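Accompanying notes for the structure given below.
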Amino acid sequence: MNEDLLTKSGIADALGTNPMRVTRFIDRNKINAVKKEGKRELFKLTQFNALKDELNAPDAKKDAQSHSFSKDDYILTLKQQLKDQKEQYEQVLESKDETIDSLKETIKTSQHAYDDMKDQLAVKDEQISSLTKLTNNAQTLNLVDKDPKRLKAAQPDAEKKPDTSSSSVETNDSTKKPPKKHWWQFGK
Numbered sequence: 008m009n010e011d012l013l014t015k016s017g018i019a020d021a022l023g024t025n026p027m028r029v030t031r032f033i034d035r036n037k038i039n040a041v042k043k044e045g046k047r048e049l050f051k052l053t054q055f056n057a058l059k060d061e062l063n064a065p066d067a068k069k070d071a072q073s074h075s076f077s078k079d080d081y082i083l084t085l086k087q088q089l090k091d092q093k094e095q096y097e098q099v100l101e102s103k104d105e106t107i108d109s110l111k112e113t114i115k116t117s118q119h120a121y122d123d124m125k126d127q128l129a130v131k132d133e134q135i136s137s138l139t140k141l142t143n144n145a146q147t148l149n150l151v152d153k154d155p156k157r158l159k160a161a162q163p164d165a166e167k168k169p170d171t172s173s174s175s176v177e178t179n180d181s182t183k184k185p186p187k188k189h190w191w192q193f194g195k
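Residue numbers (our numbering): 8 to 195.
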């Protein structure tokens with residue numbers, strides 16, 4: 008009786024079809040295995056008479072031929088898929104290279120802008136230094152215009168000499184000017 012029991016692949020060989028079609032037929036018709044040996048399921052060939060009839064029908068043969076793929080077809084399909092994937096990979100690499108070049112250009116532009124800002128800051132510092140010197144000179148000239156004796160106090164060696172108090176300067180000054188009046192003092 009064991010000779011009548013076959014595996015799915017044995018039934019497929021006996022009927023001249025592929026094991027997948029036998030598996031689908033089993034699932035569709037809910038055929039149970041007669042015996043199990045480990046993981047192998049064994050079936051009677053007589054349970055597959057309907058599949059045999061189905062395979063011998065002229066329409067089924069045309070469908071089987073239209074749905075079947077040869078190894079060459081699989082190889083050609085796989086080669087085409089590999090070619091497509093290679094093209095996609097090359098496009099990704101090209102896009103990556105363009106992105107890298109764009110980022111490098113952005114970095115160069117940013118570096119130039121940074122260098123320009125540093126140069127502008129150096130010019131600004133020089134301008135501030137020059138303006139500070141000019142402001143000090145203007146204050147010195149303003150003091151000289153108001154009181155010529157203060158010129159000596161504004162000079163660098165004035166730090167070594169003791170300053171005279173403003174009251175002694177007022178008493179020694181023969182050309183004493185009247186104190187400047189502010190707007191609130193004009194009513195008095």
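Backbone N, C-alpha and C fix where the C-beta goes; we use that ideal spot for every residue, glycine too.
Note that the structure is a prediction, hence the values are computed from the model and not measured.
Cβ neighbours of residue 47 in the same chain (closer than 8 Å, five flanking residues each side left out)
14
Where residue 19 falls, given that 16 or more other Cβ within 10 Å makes a residue buried
buried
Specify the secondary structure class of residue 168 as computed by DSSP and reduced to three states.
Since pLDDT at residue 168 reaches only 49, below the 50 mark, its modelled position is unreliable, and no value is offered.
Put residue 153 into one of helix, strand or coil per three-state DSSP.
helix
Expressed to the nearest angstrom, what Euclidean distance is found between the alpha-carbon atoms of residue 92 and residue 99?
10 Å
Secondary structure of residue 37, DSSP reduced to three states
coil
Rounded straight-line distance, which links the Cα of residue 11 to that of residue 42:
11 Å
Apply the 10 Å Cβ neighbour rule to residue 31 and answer buried if 16 or more other Cβ atoms are within range, or exposed otherwise.
exposed
Please name the residue in 55, 27, 80 whose C-alpha comes closest to that of residue 40.
55
Tell me which same chain residues have a C-beta within less than 6 Å of the C-beta of residue 168, skipping the five on either side of it?
The pLDDT assigned to residue 168 is 49, lower than 50, so where the model puts this residue is not dependable, and the model offers no usable value.
Residue(s) in a DSSP beta bridge with residue 50
13
Quick check on DSSP: helix, strand or coil for residue 111?
helix
Which listed residue (62, 21, 64) has its alpha carbon closest to that of residue 50
21
Rounded Cβ spacing between residue 24 and residue 83 (contact assumed at less than 8 Å)
In fact, because the Cβ distance is near 23 Å, the residues do not count as touching under 8 Å.
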